[in-house]
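In numbering that gives the first Met the number 0, the protein residues as written are 0 to 501. All residues carry an ideal CB built from backbone N, CA and C; glycine is no exception. Here the structure is laid out as structure tokens; the discussion comes afterwards.
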Amino acid sequence: MTPVSASAWPEHIGKNDFVLPVPETLVNACVATLSHDSSRPLFHDKHGWINRKEFLQRTLELAGSFKQIGLKKGDRILISGPSTIDLAIAHMAALRFGLIVVPVNGLYQKAELEHVIKDASPQAALIDHPNWKEWIDSIDQGIYVSSTKVNFPTGPITKIDQVEPNDPALIVYTSGTTGKPKGAILSQRNLLAGAHSVRLAWQWEEDDRLLLCLPLFHMHGMGVGLHGTLLVGSSAILQDGFQVEEVIQAINNHQTSMFFGVPTMYHRLAKHPQVQEMAKMRLCVSGSAPLAPSLHRKLTQEAGIEVLERYGMTETVMLVSNPYLGERRSGTVGFPLPGVKMKVEEQSGEILVSGPNVFQGYWNQLDTNQEVFVDSPTEHWFRTGDLGNLDEDGYLEITGRKKELIISGGYNIYPREVDDVLINHPAVEQVAVAGLPSEEWGEEVGAWIVPVSQEKTPSLEEIREFCRQYLAAYKLPQRLVIVNDLPRNALGKVLRHELREN
Ligand code: MLC
Ligand code: AMP
């Protein structure tokens with residue numbers, strides 16, 4: 000098994016060295032950039048622009064508030080809100096102060112939030128969703144709670160930006176391979192490496208303007224869009240949610256040069272009569288889920304947009320990307336990014352990766368950490384759980400997943416989580432959930448149910464309403480199949496891949 004490294008990149012980026020800006024922390028690299036040209040616009044949201052100087056000043060004030068309420072370096076802070084400048088400030092202020100940010104999906108229901116809070120035990124929470132303050136108070140009364148427009152008093156602060164490369168900066172909850180969502184710990188260096196590699200690969204420059212309508216609580220919007228903008232010192236138009244019409248309008252209103260999206264977004268954009276407007280931007284990137292070759296072709300041929308597909312993970316930020324200048328090969332995700340080493344295990348086809356972007360391990364999960372890392376004295380490889388194949392020119396095709404995971408519209412859904420809720424429905428005797436192909440969403444959640452009684456089978460609507468109490472809306476089953484039995488192996492384990500044949 001020969002590792003493939005960034006060797007494919009020199010012809011595309013003109014150099015092979017991958018040197019992180021010293022002192023190898025995201026925070027210091029961003030602050031260094033933003034401290035120059037203070038009047039340059041940085042972020043725009045529906046309230047207007049903020050420039051570099053104002054942004055840095057507000058993060059400093061907020062760090063002062065963190066000090067006032069007694070937070071200290073290494074404390075966890077849960078952050079969840081719509082994509083606004085306030086959210087970007089809260090995120091950066093926390094990182095500058097040395098807190099560990101725990102970003103959370105705002106669609107979560109109480110039980111999902113409770114799991115994160117009990118596991119990460121945050122000392123503070125900045126949240127903008129109705130009910131959440133009440134929920135958090137009922138889970139743990141000791142947590143300081145505010146909206147992302149923080150209302151804590153501020154005060155003077157001397158210790159700022161004093162972080163080390165290996166200091167944890169984020170704990171991001173992800174389905175992982177088994178069990179309940181686990182918190183992936185990413186260090187300052189991991190985050191810097193993740194943003195720096197795409198900056199080089201995509202020729203991301205100060206004059207770029209990113210159109211960003213991805214949520215800022217996942218790696219795509221946050222680790223690439225937000226951190227990349229701060230690192231490069233370019234600018235970004237933050238849209239709160241994805242509306243096709245607003246995307247098309249922003250391209251002209253703000254002269255945006257880049258767009259990052261998930262395949263579901265491109266699927267919707269492709270149907271808009273003015274989709275060609277997208278071709279005015281120099282770079283449109285797709286990731287988080289496979290981009291169907293037919294959609295890639297349609298966008299190229301009918302709208303003149305040659306989407307660049309790349310592959311990443313919460314645990315590793317970005318891993319592999321099609322080239323900016325060379326051929327963007329549809330059905331593949333390209334070459335390992337600068338700094339990333341990759342190998343495909345011969346027997347299993349699993350993709351293993353290594354590099355400064357690869358996370359430190361899961362929070363409170365010693366056993367799982369031993370399973371997902373393959374270590375020797377000289378090497379440290381992470382098992383991605385994805386299966387792949389290198390084509391004759393070294394482009395990586397993702398051929399499947401070893402892990403049980405459904406990806407719908409770029410959101411990950413762990414089937415066991417849905418099973419565990421549905422088994423408590425009074426009309427359900429046995430249940431198993433698996434992904435079904437969908438043109439719009441990539442995959443949809445299907446639920447195979449053996450009812451308690453064939454006379455009283457539950458409807459899809461009933462099932463959805465039941466799940467809605469415990470699960471975020473994107474995890475709700477979209478299809479229901481009533482069956483007499485579930486396919487199982489000799490040990491009684493459900494064979495999820497065989498469900499789809501029913
Ligand atoms: C929303 N819904 C979804 C859904 N998103 N259902 C299934 N899958 C999804 N992804 C629900 C809504 O809650 C609603 O439910 C119903 O579907 C219709 O909603 P909608 O208005 O059509 O959806 P919309 O709000 O437009 O959201 C679609 C979307 C969004 C594609 C814009 O899902 C999205 O922003 N996805 C991006 C996720 C992301 O950032 N992933 C990156 C992970 S990081 P109801 O029942 O209330 O009507 C990662 C690493 C990497 O993967 O490589 O990047
Ligand atoms: P997450 O845990 O949300 O970070 O999702 C990461 C997973 O998304 C990866 O392990 C892959 O399975 C999948 N993924 C990301 N980008 C792509 C892509 N371009 N093609 C196929 N799968 C992808």
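Query: If you draw a straight line from the alpha carbon of His424 to that of Ile462, how long is it in whole angstroms?; Result: 8 Å
Query: Which residues does DSSP list as the beta-bridge partners of Pro102?; Result: Ile78
Query: How long is the line joining the alpha carbons of Phe54 and Phe96, rounded to whole angstroms?; Result: 15 Å
Query: Determine, using beta carbons only, whether Tyr107 comes closer than 7 Å to chain C.; Result: Absent here is chain C; the protein component of the structure consists of one chain.
Query: Which residues in the same chain as Ser34 place their Cβ atom closer than 8 Å to its Cβ, once the five residues preceding and following it in sequence are excluded?; Result: Arg51, Leu55
Query: To the nearest angstrom, report how far apart Tyr410 and Ser452 are at their CA atoms.; Result: 33 Å
Query: Confirm the yes/no value for this check: CB of Glu396, any heavy atom of the ligand AMP, distance under 6 Å.; Result: no
Query: Should Ser320 be listed as close to the ligand NAP, given that the test is whether its C-beta is under 6 Å from any heavy atom?; Result: No copy of the ligand NAP appears in this structure; the ligands present are the ligand MLC and the ligand AMP.
Query: For Arg267, collect the residues of the same chain with a Cβ closer than 6 Å to its Cβ; drop the 5 residues on either side in sequence, then sort them by chain order.; Result: Val243
Query: Please classify Ile170: is it buried, with 16 or more other beta-carbons within 10 angstroms of its beta-carbon, or exposed?; Result: buried
Query: Give the C-beta separation of Arg296 and Gly333 to the nearest angstrom, bearing in mind that I take them to be a contact with Cβ-Cβ under 8 Å.; Result: With a Cβ gap of about 17 Å, Arg296 and Gly333 do not count as contacting.
Query: In chain order, what residues of the same chain lie with their CB nearer than 7 Å to the CB of Ser145, ignoring the 5 residues before and after it?; Result: Leu125, Phe151
Query: What does the alpha-carbon distance come out to for the pair Thr255 and Trp48?; Result: 14 Å
Query: Can you determine whether any heavy atom of the ligand AMP sits closer than 6 Å to the C-beta of Ser353, and answer yes or no?; Result: no
Query: Assuming Thr377 contacts Asn388 (C-beta within less than 8 Å), just tell me the rounded distance between them.; Result: Not confirmed; about 26 Å, so no contact.
Query: Is there at least one non-hydrogen atom of the ligand MLC closer than 6 Å to the beta-carbon of Gly286?; Result: yes
Query: Less than 7 Å between the C-beta atoms of Leu213 and His219, yes or no?; Result: yes
Query: Are the CB atoms of Trp447 and Ser407 within a distance shorter than 7 Å?; Result: no
Query: Got a sec? Which residues, its chain only, sit under 6 Å from Arg188 by beta carbon, not counting five neighbours each side?; Result: Glu23, Pro164, Pro355
Query: Could you spell out the range, first to last residue, of the alpha helix (DSSP H) harbouring Gly63?; Result: 51-67
Query: Give me the residue from Ile88, Thr331, Lys270 with the minimum Cα distance to Leu290.; Result: Thr331
Query: What number of angstroms, rounded off, separates the C-alpha of Val506 from the C-alpha of Pro335?; Result: The first residue shown for the chain is 0 and the last is 501, placing residue 506 beyond what the model contains.
Query: Are the CB atoms of Gln359 and Ser186 within a distance shorter than 7 Å?; Result: yes
Query: Rounded to a whole number of angstroms, what is the C-alpha to C-alpha distance between Val284 and Ile236?; Result: 16 Å
Query: Within this structure, are the beta carbons of Gly445 and Leu435 separated by less than 7 Å?; Result: yes
Query: What I want to know is whether the C-beta of Tyr310 ends up closer than 6 Å to one or more non-hydrogen atoms of the ligand AMP.; Result: yes
Query: Terminal residues of the continuous beta strand (DSSP E) containing Trp447?; Result: 441-450
Query: Using only alpha-carbon positions, find the residue among Met221, Gln273, Val261, Pro322 that is nearest to Glu245.; Result: Gln273
Query: What are the complete alpha helix (DSSP H) segments, minimum 4 residues, inside the segment 92-168?; Result: 109-119, 131-138
Query: For Arg382, write down the residues that DSSP places opposite it in a beta bridge.; Result: Leu351
Query: By how many angstroms is the C-alpha of Ala183 removed from the C-alpha of Glu60?; Result: 29 Å
Query: Looking at the secondary structure, which residues open and close the beta strand (DSSP E) in which Val420 lies?; Result: Element bounds for Val420: not the beta strand (DSSP E) but the alpha helix (DSSP H), 414-421.
Query: Can you say whether Ala472 is buried or exposed, counting buried as having 16 or more other CB atoms within 10 angstroms of its CB?; Result: exposed
Query: Three or more beta-carbon pairs under 8 Å between the segment 61-80 and the segment 192-211, yes or no?; Result: no
Query: At the level of alpha carbons, what is the spacing between Gly222 and Lys492?; Result: 36 Å
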